[in-house]
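For reference, the structure discussed in these notes is given below.
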Amino acid sequence: LIGSSRFSYSFAASVFAAGLAAGLVVGCFSSSAAVESWVSGTQTVTSVKPVVAKYTTKGPAALSQLPLNGVPKQAENMRGAEVMGNQKPLIASSPTTVFAAFGGLLTAGWLLFRTLVRNAEPKAEQDVEQGAWSIASSSGTNLGAGKTIRIATRKSPLAMWQAEFIQSELERLWPGVKVELQPMSTRGDKILDSPLAKVGGKGLFVKELETSLLEKRSDIAVHSTKDVPMELPDGLVLGIICKRHDPCDAIVFPKGSTLKSLDDLPKGARVGTSSLRRQCQLLLKRPDLKFLELRGNVNTRLAKLDSGDYDAIILAAAGLKRLGFSDRVLPGETNIIDPNAMLPACGQGALSIELRSDDPTMMELLMPLHHIPDAVTVCCERAMNRRLSGGCQVPISGFATLKDGQLRMEARVGSVTGSGPLIIRHKTIPFSLDKPWSQVQKDAEALGVEVADMLLKDGAQAYLDEAYAQQDVGVGLAASQKK
1 LIGSSRFSYS FAASVFAAGL AAGLVVGCFS SSAAVESWVS GTQTVTSVKP
51 VVAKYTTKGP AALSQLPLNG VPKQAENMRG AEVMGNQKPL IASSPTTVFA
101 AFGGLLTAGW LLFRTLVRNA EPKAEQDVEQ GAWSIASSSG TNLGAGKTIR
151 IATRKSPLAM WQAEFIQSEL ERLWPGVKVE LQPMSTRGDK ILDSPLAKVG
201 GKGLFVKELE TSLLEKRSDI AVHSTKDVPM ELPDGLVLGI ICKRHDPCDA
251 IVFPKGSTLK SLDDLPKGAR VGTSSLRRQC QLLLKRPDLK FLELRGNVNT
301 RLAKLDSGDY DAIILAAAGL KRLGFSDRVL PGETNIIDPN AMLPACGQGA
351 LSIELRSDDP TMMELLMPLH HIPDAVTVCC ERAMNRRLSG GCQVPISGFA
401 TLKDGQLRME ARVGSVTGSG PLIIRHKTIP FSLDKPWSQV QKDAEALGVE
451 VADMLLKDGA QAYLDEAYAQ QDVGVGLAAS QKK
């Protein structure tokens, strides 16, 4: 659709320019003849009031009402009022003057038309005051009035917060829309005594939601993007990436603790995390740490921390902030871990919406929530992870940033047995948002794939093979790496 509209704009622009050019040529010849006849005393010179043309959105159709020589038809009927002979003309122009006038008209007309065409194209648009980016909506109608949207979500407090957030946004965007939440328990919520890497990975948290979508019992599913597998079932698409919150990890201490940062942890401290990604990177900085299994929702994990099961635990900063645990984020955010020390998981901090690929009406309703710059970085990260066939079994991290027209992608892969150091690669490219979203997404994903190939070239495949061959991975990593 976008391609065809651009073709129409280009064709109309060509016709517009050709019309003006024809007017320029005819005007020049007409003016030249008029001057020659006036000098010889045989030409009639007519004085006509200037005609002000009003621009309408119909463009070429409106201009077609004028003859090529630029003289209105009513002016042609005034030729009875003529002044003959050697009498001085009231209006006289040289060919140079006419040429310059028509040249200016041609240039001004083309610039005006080009501006209108650009404004009409759907593209990434920035709202500077609000800092909100979205795909511009041109319908101007309330697409949600009278419609019902059913949201599939997990039952955990964080998942419910995220679904309620999307619900409130949709109700704000489309007055009159009805949004229903459908809380569900997933297999991942029920299996709490084993590491995710052993029982099937993060796909356990979305399977029931995706089944509900495919069976058309739900219209959309809201996810923490970092929990969404790289490969989706046929018929589903991760079509909307919302504005990203804090992508970093946080190290959280028990209530009453005086510790303020990762560096304050005592030697041999017990750290709760089941994430291989976090374990691998922390061991580079603190090889003395002891990692313990940690499962459950955010509230459960914090309760275990305060009861003395751990000296510290690591959580996503976005989850803490969304749920209002402001007391767990220390002043100055000293316990938020710098991405250089611990690169985040792909898509961490961003909410995403999954829906059926054959539901364009729903996609149009959701499109104002699509945050273009963050969608660029998330798509880049997920493309890298997809190229590596990443999952919970492999300590892969990826984080992209888009700033000042530059897209930077960094990725890291570690060994689950401690057989070697982290492999770290990154690349930065110039990046423009001034194009249709489909092309923007393609360009972002291309960078992610390129960085993944750099990792594979430098030995990451051996780490991947090693990880998928392991029957027991997780908290035993620390002991293995210290041998």
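Sequential numbering of the sequence shown, starting at 1, is according to the UniProt record's numbering.
Note that beta-carbon positions come from the ideal geometry of N, C-alpha and C, so glycine has one too.
Fair warning: this is a prediction, and the values are worked out from it, not measured in the lab.
Under 8 Å between the Cβ atoms of residue i and residue j?
i: P373; j: L173; result: no
i: E354; j: L236; result: yes
i: T153; j: L170; result: no
i: P339; j: F399; result: yes
i: R328; j: W161; result: no
i: V376; j: L402; result: yes
i: N335; j: L158; result: no
i: C280; j: P175; result: no
i: R356; j: L213; result: yes
Consider the Cβ of residue i: report whether some Cβ of chain D lies at a distance smaller than 8 Å.
i: S224; result: Within the model displayed, chain D is absent; a lone protein chain is all it includes.
What's the call for residue i, buried or exposed, on a 16-neighbour Cβ count within 10 Å?
i: Q406; result: exposed
i: P247; result: buried
i: Q348; result: buried
i: Q439; result: exposed
i: A469; result: exposed
i: N299; result: exposed
i: G256; result: exposed
i: N385; result: buried
i: G144; result: buried
i: R217; result: exposed
i: residue 495; result: Outside the shown range of the chain (1 to 483) lies residue 495, about which nothing can therefore be said.
i: A467; result: buried
i: E333; result: exposed
i: G391; result: buried
i: P331; result: exposed
i: P430; result: exposed
i: E293; result: exposed
i: P360; result: exposed
i: T186; result: buried
i: S156; result: buried
i: S352; result: buried
i: G239; result: buried
i: E410; result: buried
i: P183; result: exposed
i: E231; result: exposed
i: E215; result: exposed
Quick one: grab the DSSP three-state call for residue i.
i: A341; result: coil
i: P175; result: coil
i: K147; result: coil
i: Y463; result: helix
i: S326; result: helix
i: K403; result: strand
i: S8; result: In this prediction, S8 scores a pLDDT of 44, lower than 50, which makes its location untrustworthy; the coordinate-derived value is nonetheless stated afterwards. Reduced to three states, the DSSP call for S8 is helix.
i: A124; result: Its pLDDT being 43, under 50, A124 is placed unreliably by the model, and the measurement read from it follows with that caveat. DSSP places A124 in strand when its eight states are reduced to three.
i: V205; result: In the sequence as displayed, the identity of residue 205 is Phe instead of Val. F205 falls in the helix class under three-state DSSP.
i: T56; result: With a pLDDT of only 35 at T56, under the threshold of 50, the placement of this residue in the model should not be trusted, and no figure is reported.
i: L435; result: Reading off the sequence shown, one finds Lys at residue 435, where the question assumed Leu. Note: K435 maps to coil in three-state DSSP.
i: A269; result: coil
i: T153; result: strand
i: T428; result: strand
i: residue 570; result: Because the chain spans 1 through 483 in this model, residue 570 falls outside it and cannot be assessed.
i: R295; result: coil
i: A469; result: helix
i: E164; result: helix
i: Q281; result: helix
i: V39; result: Model confidence at V39 stands at a pLDDT of 37, short of 50, so the residue's coordinates are unreliable; what they give is reported in the following sentence. Of the three classes helix, strand and coil, the one that applies to V39 here is helix, per DSSP.
i: E215; result: coil
i: L422; result: coil
i: E180; result: strand
Just to check my reading of the structure: residue i and residue j have Cβ atoms closer than 8 Å, yes? What is that Cβ distance to the nearest angstrom?
i: residue 490; j: H245; result: Outside the shown range of the chain (1 to 483) lies residue 490, about which nothing can therefore be said.
i: L388; j: L455; result: 7 Å
i: M362; j: I241; result: Not really, about 16 Å apart at Cβ, beyond 8 Å.
i: S397; j: L343; result: 4 Å
i: F253; j: L262; result: Not a contact, Cβ separation roughly 10 Å.
i: A250; j: I337; result: 7 Å
i: D458; j: R425; result: 7 Å
i: V449; j: K427; result: Rounded, the Cβ-Cβ distance is 11 Å, inconsistent with contact.
i: V177; j: I151; result: V177 to I151, Cβ: 12 Å. No contact.
i: E445; j: A345; result: With 8 Å as the limit, E445 and A345 do not qualify as a contact, their Cβ atoms being about 18 Å apart.
Exercise. Quick one: any contact between the stretch 309-318 and the stretch 266-281, if contact means 3 or more CB pairs under 8 Å?
Worked result: Flag = yes, the stretch 309-318 and the stretch 266-281 touch.
For this session: Please determine if the stretch 221-234 and the stretch 274-284 are in contact, where contact requires at least 3 C-beta pairs separated by less than 8 Å.
Result: The answer is no - the stretch 274-284 does not touch the stretch 221-234, with fewer than three Cβ pairs under 8 Å.
Exercise. Are three or more beta carbon pairs between the stretch 459-473 and the stretch 416-423 nearer than 8 Å?
Worked result: Here the stretch 459-473 lies against the stretch 416-423, with 3 or more beta-carbon pairs under 8 Å apart.
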